[in-house]
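Some notes on the structure that comes next.
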Amino acid sequence: MTVESTAARTPRRTSGGKRAASSKAGTKTAKTAAAKPAKAGAAEPELVQLLTPEGQRVEHPDYSIDLSADELRGLYKDMVLTRQFDAEAIALQRQGELGLWPSLLGQEAAQIGSGRATREDDYVFPTYREHGVAWCRGVEPKKLLGMFRGVNNGGWDPNTNNFHLYTIVIGSQALHATGYAMGVTKDGADSAVVAYFGDGASSQGDVMEGFNFAAVYNAPVVFFCQNNQWAISESNEKQFRVPLFQRAQGFGFPGVRVDGNDVLAVLAVTRAALDRARRGEGPMLIEAFTYRMGAHTTSDDPTKYRRDEEREAWEAKDPILRLRTYLLAEGMADEAFFADLEKESEDFGKQVREAVRSMPDPDMMAIFENVYADGSALVDEERAQFAAYQASFADAGHGEGK
Ligand SMILES: Cc1ncc(C[n+]2csc(CCOP(=O)(O)OP(=O)(O)O)c2C)c(N)n1
Ligand SMILES: [Mg+2]
């Protein structure tokens, strides 16, 4: 596969070239994309990039961004703390404290860039890997961990941070997001919706149905695909023949590929897509070209299906390193800033570990409480069966207090 990406070679332009203005990011981008369908084995299309893997700031004709030093340091900090959180979660799973963990390692820029582009009143529909987006939305990290520890029946109240529950059923959230976005239009609101999904999910019917409904109803939804090159052990090559972002053209809305390891480019492109949706110009597909540096989940061993060289090639495009290089080169951050952040990161890691270890076990009967608003005979029966099953341990002398 052509992982020797495009990121290092072609910093300047997306497929839309000069013709797709960021404020009207759209139709023209898609038209150009459709005019040159990629053949299997052909060179990868160009992507939007504003910060090269070497940490050099470059301009793009269609997407621009102007951030203060403070904002840039903020993005850096978000990515560092998110990576720390992820590393702690993997370690906690290895220690038996979590049942499972899907790592976001390598995808920090895709998630922080897009998450920071959202407005408070926007609504986000994640997969199960969007820990960085959850961070940007203000979801308490321990709630994510509680879900993977199996102690909070799914996590959090989606309406507190406009961040829907993690969705394990691949691609289904594309439909939820589209339906929600159609509702936003009916309400006459000017907020937008983001549906996150992966390269693998792009093969699900739900995602394509979501695309079509969104197009026909001109719904204010941004489809944000993190193409991390793998769907568990299936590479891009085994999944599709046409670059993902080009698929949007078939549904009648624009698509763009962005360097998913470039937080500035992701922020700029997602902002443009959200603005466009808010203006009533309909959906857009963003393909964030990135890489899953770790295993699919802690249950997976990627050495069984991919080569070390591939991972090493992507290490050179690390999203955090390139921003660090840029901040240092521009004098926007000094060693004291990085040392302070390291300390903050360590403290945060400690808090995460303590929070997980001190989580109380849930009441075993609570699982039956939130199934139906008005109850159900079947659930009542199951509750009774389970209560009897638990009581049987006490009868056998293995119950609590024995
Ligand atoms: C409907 C459905 N089919 C299959 C699965 C099993 N499954 C879990 S993750 C996954 C791969 C998803 O890959 P991708 O969409 O690229 O997301 P990534 O894990 O790479 O972030 C599959 C097939 C599932 N959870 N749901
Ligand atoms: Mg994937």
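Residue numbers are given in the UniProt record's numbering: position 179 of the sequence shown equals residue 179, and the series is strictly consecutive.
Just so you know, even glycine gets a beta-carbon here, dropped at the ideal spot from N, CA and C.
- Here the alpha carbon of Lys77 sits roughly 37 Å from the alpha carbon of Arg241.
- Every unbroken stretch of the alpha helix (DSSP H) spanning 4 or more residues and falling wholly within the segment 289–341 is given here in chain order: 308–315 and 319–329.
- Under the DSSP assignment, Val256 falls in the beta strand (DSSP E) whose first and last residues are Gly255 to Asp259.
- Beta-carbon to beta-carbon, Gln229 and Asn218 are separated by about 32 Å, too far to satisfy the 8 Å threshold.
- About 7 Å separates the Cβ atoms of Arg247 and Gly255, confirming a contact at the 8 Å cut-off.
- Checking the 7 Å criterion, the Cβ of Arg257 is out of range of every heavy atom belonging to ligand 2.
- Under the rule that a run must span 4 or more residues, the alpha helix (DSSP H) segments found entirely inside the segment 29–107 read 69–94.
- Inclusion of Ala231 and Gly200 in the CB contact set at 8 Å is warranted, their separation being smaller than that value.
- Non-local beta-carbon contacts of Arg137 in its own chain, meaning distances under 8 Å to residues more than five positions away in sequence, involve Gly115, Thr118, Val124, Asn161, Asn162 and Phe163 in chain order.
- A direct Cα-to-Cα measurement between Ala195 and His296 gives close to 20 Å.
- If one requires a minimum length of 4 residues, the alpha helix (DSSP H) runs lying completely within the segment 186–260 are 205–216 and 247–251, in chain order.
- The segment 180–197 and the segment 208–225 touch, with no fewer than 3 CB-CB distances between them shorter than 8 Å.
- In the three-state reduction of the DSSP assignment, Leu165 falls in the coil class.
- In this structure, Pro102 is the residue among Gln95, Ala366, Arg383 and Pro102 with its C-alpha nearest to the C-alpha of Arg292.
- Distance from the Cα of Ala355 is smallest, within the candidate group Glu71, Leu145 and Gly252, for Leu145.
- For Leu100, the CB contacts under 8 Å within the same chain, skipping 5 residues up- and downstream, are Gln93, Phe148, Thr297, Thr298 and Ser299 in chain order.
- Closest in alpha carbon position to Gly252, among Gly132, Leu285, Ser376 and Met364, is Leu285.
- Glu309 and Thr303 have their C-alpha atoms spaced approximately 11 Å apart.
- One thing to note: Leu72 has its Cβ no nearer than 8 Å to the Cβ of Asp262.
- In this structure, the C-beta of Gly200 approaches ligand 1 to less than 7 Å from one of its heavy atoms.
- At least one heavy atom of ligand 2 is found less than 7 Å from the C-beta of Asn228.
- The segment 340–357 and the segment 81–93 touch, with no fewer than 3 CB-CB distances between them shorter than 8 Å.
- Taking C-beta atoms as the reference points, Ala268 and Gln226 fail to come closer than 8 Å.
- Assignment of beta-bridge partners to Phe125 by DSSP yields Ala195.
- Per DSSP, the beta-bridge partners of Met284 are Val222.
- Within the same chain, Cβ atoms closer than 6 Å to the Cβ of Ile168 are found at Tyr128, the five residues on either side in sequence being excluded.
- Spatial neighbours of Asn152 in its own chain (CB-CB distance under 6 Å, excluding positions within 5 residues in sequence) are listed in chain order as Gly146.
- Setting aside the 5 residues that flank it on each side, Arg324 has no residue in the same chain whose C-beta is closer than 6 Å to its C-beta.
- Secondary structure at Arg276: helix, using DSSP grouped into helix, strand and coil.
- The C-beta distance from Ala277 to Ala192 rounds to 4 Å, short enough to fall under 8 Å.
- With a cut-off of 7 Å, the C-beta of Arg306 is classified as distant from ligand 2, since no heavy atom of the ligand falls inside that distance.
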